[in-house]
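Sequence order for the protein chains is A and B. Counting in my numbering, the first sequence runs from 250 upward without gaps. Counting in my numbering, the second sequence runs from 101 upward without gaps. All residues carry an ideal CB built from backbone N, CA and C; glycine is no exception. Worksheet: the structure to be examined is printed underneath.
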Amino acid sequence: MADVNITLDGKKLTAPAGTLLIEACKNAGIEVPSFCYYPGFSLQGACRMCLVKIEKVPKLQTACTTVIGEGMIVTTDSPEIHQARKSMVELLLGNHPLDCPVCDAGGECELQDMTFAYGAAESKYIDIKNHREEQQWSPVVYFDRPRCILCYRCVRVCGEGMDVWALGIQNRGVASVIAPNKEDHLECEECGMCIDICPVGALTSGAYRYKTRPWEMKHIDTTCTHCGDGCRTTLGVRRADTGIEIVRGDNRDKSGINGDFLCIKGRYAFDFVDNEQRIKQPLIRKDGRLTPSSWEEAFELIGRRFAEICGREGGRAIGVIGSSKTSNEENYLLQKFARVVLGTNNIDHHRTGDFPAFARALAGKLDATASMRDVFKAPAMLVIGNDPTNQHPLLAWQIRNNVRLHRSRLYVINSQPIKLRRQATAFAHIPAGSEAKLVALLAGDDSVLDVLVSENTPREALLSLRDRLRGEQNLVIIFGAELRGEEMARLVKVGSAVSGAKFVCLGDYANSRGAADMGLYPDLLPGYLPVTQGKTFREEWGGLPDAPGLTIPQMVDAAKAGQLKALYVVGANPVARFNIDPFAFAKSFVVMQDMFLTETALIADVVLPGANAYEKSGTFTNTCGDLQLLRKAGEVTGTKPDFEIIVRIAERMGFDVRKLVPFGGGMWADMGQSRGAQSGEADRHSVWLEAHGLETKLSPFDPMAILDEIQRLVPGYHVSRRTLLSGTDQHTRIGGPGILHNPELIVPANDDLFTSGTLGRYSRALNSVLENQRRKPVETEVAAD
Amino acid sequence: MKLSDQFEQRFHAMINHYPTKRSVLVPSLLYAQDELGYLTDELIAEMAQRLDLTDLEIRNVISYYSMLTTQPRGKFNVQVCTNIACMLRGGEEILDHCKRKLGIGHKGTTRDGLFSLEEVECIGACSWAPAAQVNYDFHENLTPERMNEVLQDYRRKVHQQENC
Ligand code: SF4
Ligand code: SF4
Ligand code: SF4
Ligand code: FES
Ligand code: FES
């Protein structure tokens, strides 16, 4: 858009026509105070904190609702303006309780800050404050009415942003009050968006309220461990008797791929970490019973048994099952451990999306995958299968808000009337299981029409949908596990005919994509390279088994047949997930590492207490292929990260761990100078080294040492380490030749908003919501505005 | 929900007048309230469904307007103005008188369900202050005695209806 000339506080500037005055000020480095204005939501003009003086306009104007005009001359601060804002604060404080000392928002409250800035400590009002008791609206949301300053942010984020419309405003004037959709309680998605967006402490969360003071916490931003979308969540931590306790999750750091968004899981479901059922000591089965032991004893036993079995029967007799919730470094290390230390390709994981087929379909194409950020910007989107609102909450947020803010066109094809249809330009309701037929239709095969048509979606609708899709450009095509193998390849082929098309293949767990990329497959090395073609890896590692190994079901069969002598399970629960007969492994030596005694513990001979993603550093790759950092936030004494456990087992087996983890590397740590002109030199130096992947890895337990190897050897992971370390997501390309797998091995997690596999079972926040739901009749979806 | 033919006629005439459906909400609520006496849960659900709104949004609107109510009211809703003109000419006394006479306060309803009382802002009858409005009828230049007559007239009306 054309630029217009404006003068702000005497500075002459230009800004694009259509810019809001408040935004123009912000861009010019001038802060105009605001309560009700929130970027990305409809304008409210309710609080009048943003008053500014515009020349030739008699009264002060609200900067948040004024669009800049040519020649506008604006003053953002003067005694008159200061006084006006001060009066606004005074009015707000008229009925605001002075309970800052116990208020959750105390210390990070916008009203406190404004009172401080404008010094509105005195009041002409001597009326008695209108006190109301705090109300609990849901397991997550609490409302303290007197603290509310009626900025309507919560109402807008819930309606416009979440498309839930659970909050409203009742009465008018001084009697106005925020109201939940069910008179005295809420029935909603419990995302907590309203709580975090509230500028004061009027909305508070069941998870955090009255737990601590903001300044007692240290904040660490890391990546959510609950679904495949990879939101950045900031964990507030503090010291505790048992290590470091996580007290809060939020997204104060809005620079992540999720911007303002987090769902209930990223915000509140960190609480599985201190569930009292967490294992904090290794357990060894003695006389049929899991008995506490020392790490020493456990490592000794595992090292000895694994070495014995390898020595006697070779790697063939051992199976390894990895996890979709461990880091890339751990996954890479685990498959390297299996292939190099145990000498077996018997390695697999719980597959939730057909990434090998995706890699195969995209082989040779550049820039063919969309990042999570791309989804928010695409001019058009096609979603086939899945229910993003429930299974990929961030993705749904990106899609919804892309439609709302950028008028992107959304095409939804699903066998269920999923909620995203409400944003759709066109929605095709097709019979269950006919997604592949739909792809055929898109490819031009009209003979499948009869199968696809239904009362809701007539023939013409399908044909016009196809026409519209063909007319799009830069379309982002998102599909769920409904499409696998050849059918997916076909979709990629059809979709690629649209110029600039990009794809997203959905996998369910936090690092499902990473597990696949890192080669947790019996027939694929990292980067979807078939084991039969693993020349680079063979040279790098000095040999690896040629023949593809066993899949999980094959491992079960092998165990039943007495051929699988040992099973090593890292952070997975195959017994529950695959409904495995626990007796199948009765004769095998089973080692598992996890946080809880899951069903798989029933068959374990040794259980090692592992750490979760919030307690380790490393990286995750989300379902779009965005690589992000994990930073260690919490710590529970007695547990160890899976990375360290794997390395220690290798060491006990007598393996030279330098061959497993390339640490050290002959460099000397530069301790720098501690005083004088050059003090701090070491820091500058190490920052540079780290950014170039050259810093010394002093220990074999340093995941960054493996990340070096990953970046060197895994196609698509050659991204900027410096940017990654700065906390910015880096989009990786899906590489390698890929392969066609047996599609039956893909078992979608089918988690919804309030479940998260094993983690969810141990989260108080999620369980309290589920329990609350069970007590109520099922709510139907609400109508949109 | 079954509403009268007259309501339906009005509703369907209005619905095409505005660019958005929700614009007919307020007049529809008024018409419905006239028929039903107050806005029932059933009616709220019905309007939400017809206008693609949530129940909550309908309740928000109802709570905004003091003329709309979700509580049953008496047959005659006595609205006494106490805004400036009326206040200067004795509106407050009229209100107090009604309170005493009917034995109810602001927003109360007599036990026989005949009268409700409400203190309201200017009803546009300042030239004949003090004024009160009973349902859609205006009563002006009131004095306590005159007010007694007004109330008595309404009582009589009901008895007549009952007797014939
Ligand atoms: S928790 Fe989320 S869905 Fe529930 S009211 Fe708040 S914003 Fe709306
Ligand atoms: S509850 Fe918070 S966000 Fe909502 S209107 Fe009140 S102050 Fe604003
Ligand atoms: S959308 Fe997924 S990644 Fe984001 S907070 Fe929710 S569970 Fe975590
Ligand atoms: S920020 Fe402008 S009126 Fe509230
Ligand atoms: S002030 Fe009572 S009618 Fe106007």
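message = I need the boundaries of the alpha helix (DSSP H) containing V744/A, first residue and last residue.
response = In the first sequence, the residue the question calls residue 744/A occupies position 495. The sequence as given places Gly at residue 744/A; Val does not occur at that position. Taken as a continuous stretch (DSSP letters only), the alpha helix (DSSP H) holding G744/A covers G734 to S745.
**Report entry** Close beta carbons around E684/A, own chain, < 7 angstroms, minus the five adjacent residues each side
**Finding:** Taking the first residue of the first sequence as 1, we reach residue 684/A at position 435. So the list reads I633, G634, E731 and L732, once near-sequence residues are dropped.
Problem set entry | Sequence-distant residues of the same chain with beta carbon closer than 6 angstroms to A587/A, five excluded per side | For this step, residue 587/A is matched to residue 338 along the first sequence. Only V569, T593 and I596 meet the Cβ criterion.
Open item on the list: Considering only the alpha carbon of each residue, which of S745/A, G320/A, F521/A and I558/A lies closest to S837/A?
Closed with: Residue 837/A sits at position 588 when you count from the first residue of the first sequence. Closest option to S837/A, Cα to Cα, is I558/A.
Check: Relative to the alpha-carbon of N580/A, which residue among I567/A, H598/A, G564/A and V590/A has its alpha-carbon at the smallest distance?
Finding: Numbered from its first residue, the first sequence carries residue 580/A at position 331. It is H598/A whose Cα lies nearest to the Cα of N580/A.
Query raised in the report: What number of angstroms, rounded off, separates the C-alpha of M953/A from the C-alpha of K946/A?
Result: Counting from 1 along the first sequence, the entry for residue 953/A is found at position 704. Counting from 1 along the first sequence, the entry for residue 946/A is found at position 697. The alpha-carbon atoms of M953/A and K946/A are separated by roughly 7 angstroms.
Rounded C-alpha distance that separates V496/A from A689/A: Within the first sequence, numbered from 1, the residue matching residue 496/A stands at position 247. Within the first sequence, numbered from 1, the residue matching residue 689/A stands at position 440. Answer to the nearest angstrom: the Cα atoms are 50 angstroms apart.
| query | Taking Cβ-Cβ distances shorter than 8 angstroms, what residues in chain A pair up with Y164/B? | reply | As a working note, residue 164/B is residue 64 in the second sequence. What Y164/B touches in chain A: Q419, N420 and R421.
Return helix, strand or coil for S1017/A, following the three-state DSSP convention. Start at 1 with the first residue of the first sequence, and residue 1017/A comes out as number 768. Here S1017/A sits in helix by DSSP.
Could you list the residues in the stretch 141–157 of chain B with a C-beta less than 8 angstroms from some C-beta on chain A, going in chain order? A148, Q149, D152, L153, T154, D155, L156 and E157
Could you tell me the alpha carbon to alpha carbon distance between E545/A and I852/A, rounded to whole angstroms? Counted from its first residue, the first sequence places residue 545/A at position 296. Counted from its first residue, the first sequence places residue 852/A at position 603. In a straight line, the C-alpha of E545/A is about 22 angstroms away from that of I852/A.
* Between the C-alpha atoms of G921/A and L956/A, what's the straight-line distance to the nearest angstrom? -> For this step, residue 921/A is matched to residue 672 along the first sequence. For this step, residue 956/A is matched to residue 707 along the first sequence. Note on G921/A: pLDDT 49, under 50, position unreliable in the model; no value is reported.
query = Going straight from the alpha carbon of R762/A to that of V1018/A, what length do you get?
reply = To locate residue 762/A, count along the first sequence from 1; it is residue 513. To locate residue 1018/A, count along the first sequence from 1; it is residue 769. R762/A and V1018/A: Cα-Cα distance of roughly 28 angstroms.
Q. Around the C-beta of F832/A, are 16 or more other C-beta atoms found within 10 angstroms, so that it is buried, or is it exposed?
A. Translated into positions along the first sequence, residue 832/A becomes position 583. Its Cβ having fewer than 16 others within 10 Å, F832/A is exposed.
May I ask whether a heavy atom of ligand 6 can be found less than 8 angstroms away from the beta carbon of S291/A?
Here the bound small molecules are ligand 1, ligand 2, ligand 3, ligand 4 and ligand 5; ligand 6 is not part of this structure.
- In whole angstroms, what separates the C-alpha of G987/A from that of A764/A? As a working mapping, residue 987/A is identified with position 738 in the first sequence. As a working mapping, residue 764/A is identified with position 515 in the first sequence. G987/A and A764/A: Cα-Cα distance of roughly 14 angstroms.
Apart from the five residues just before and just after G756/A, which ones in its own chain have a Cβ nearer than 6 angstroms to its Cβ? Residue 756/A sits at position 507 when you count from the first residue of the first sequence. Answer for G756/A: G477, T601, G602, R762 and T872, listed in chain order.
**Asked** Is there at least one non-hydrogen atom of ligand 2 closer than 8 angstroms to the beta-carbon of L399/A?
**Response** Numbered from its first residue, the first sequence carries residue 399/A at position 150. Answer for L399/A: yes, Cβ within range of ligand 2.
* Do you know offhand how far P628/A's Cα is from E142/B's? -> On the first sequence, position 379 is the one that residue 628/A refers to. On the second sequence, position 42 is the one that residue 142/B refers to. Spanning the two alpha carbons is a distance of roughly 42 angstroms.
Subject >> Nearest-angstrom Cα separation, counted from G984/A out to G915/A >> reply: Your numbering for residue 915/A matches position 666 in the first sequence. Your numbering for residue 984/A matches position 735 in the first sequence. With a pLDDT of only 45 at G915/A, under 50, the local geometry of the prediction cannot be trusted, and the value read off the model is given with reservation. If you take the alpha carbons of G915/A and G984/A, they lie about 32 angstroms apart.
Of the choices A354/A, V819/A, T256/A and D616/A, whose alpha-carbon is the least far from that of T981/A? Numbered from its first residue, the first sequence carries residue 981/A at position 732. Residue D616/A is the option with its Cα nearest to T981/A.
Any beta strand (DSSP E) of 3 or more consecutive residues that is wholly inside the stretch 544–626 of chain A = 567–570
Exercise for the section: Might you give, ordered along the chain, the residues of its own chain that have their beta carbon closer than 7 angstroms to the beta carbon of Y863/A, omitting 5 neighbours on each side? Expected result: For the purposes of this step, residue 863/A is identified with residue 614 of the first sequence, where counting begins at 1. Contacts found: T471, T474, L484, I495, F519, V522, A882 and G883.
Whose Cβ in chain B lies nearer than 9 angstroms to the Cβ of A428/A?
By one-based count along the first sequence, residue 428/A stands at place 179. Near A428/A (Cβ distances below 9 angstroms), the residues of chain B are L156, R159, N160 and S163.
Presumed contact (8 angstroms Cβ cut-off) between L687/A and P637/A, rounded CB distance: Translated into the one-based positions of the first sequence, residue 687/A becomes position 438. Translated into the one-based positions of the first sequence, residue 637/A becomes position 388. With a Cβ gap of about 17 angstroms, L687/A and P637/A do not count as contacting.
Terminal residues of the continuous beta strand (DSSP E) containing D843/A?
In the first sequence, residue 843/A corresponds to position 594, counting from 1. First-last of the beta strand (DSSP E) with D843/A: F838 to D843.
If distances are taken between C-alpha atoms only, which option among D212/B, S128/B and L242/B comes closest to Q281/B? Since the first residue of chain B shown is 101 and the last is 264, residue 281/B is not available in this structure.
Am I right that L435/A and A415/A are in contact with their C-beta atoms under 8 angstroms? What's the rounded C-beta distance? The residue you call residue 435/A lines up with position 186 of the first sequence. The residue you call residue 415/A lines up with position 166 of the first sequence. Indeed they touch by this definition, with Cβ atoms about 5 angstroms apart.
I think I194/B touches A232/B, with their Cβ atoms under 8 angstroms apart; what is that distance to the nearest whole Å? Numbered from 1 along the second sequence, position 94 holds the residue referred to as residue 194/B. Numbered from 1 along the second sequence, position 132 holds the residue referred to as residue 232/B. That belief holds up - the Cβ atoms of I194/B and A232/B are roughly 7 angstroms apart, short of 8 angstroms.
Report task. Return yes when the Cβ of L251/B is within less than 9 angstroms of the Cβ of V180/B, no when it is not. Result -> On the second sequence, residue 180/B is found 80 positions in, with the first residue counted as 1. On the second sequence, residue 251/B is found 151 positions in, with the first residue counted as 1. It is not a contact, given that the beta carbons lie outside the stated cut-off.
In the DSSP assignment, the beta strand (DSSP E) including N651/A goes from what residue to what residue? Here residue 651/A corresponds to residue number 402 of the first sequence, with the count starting at 1. Careful: N651/A lies outside any beta strand (DSSP E), inside the alpha helix (DSSP H) at P642 to H655.
| request: Compare the C-beta of L1002/A against all C-beta atoms of chain B and say whether one is closer than 9 angstroms. | output: Translated into the one-based positions of the first sequence, residue 1002/A becomes position 753. Output row for L1002/A: interface = no.
Check your understanding: To which residues does DSSP link V661/A through a beta bridge?
Key -> Along the first sequence, one-based indexing puts residue 661/A at 412. Its beta-bridge partners are V632/A and F676/A.
Review point. Under the three-state reduction of DSSP, which class applies to L710/A: helix, strand or coil?
Key: By one-based count along the first sequence, residue 710/A stands at place 461. Residue 710/A is actually Ala in this sequence, not Leu. Three-state result, A710/A: helix.
Check your understanding: Where does the unbroken alpha helix (DSSP H) through F365/A begin, and where does it stop?
Key -> As a first step, residue 365/A must be located in the first sequence, where it is residue number 116. From DSSP, the alpha helix (DSSP H) with F365/A extends over E359 to Y367.
**Prompt:** So is the beta-carbon of P448/A under 8 angstroms away from any non-hydrogen atom of ligand 2?
**Reply:** As a working note, residue 448/A is residue 199 in the first sequence. Yes, the beta carbon of P448/A sits closer than 8 angstroms to at least one heavy atom of ligand 2.
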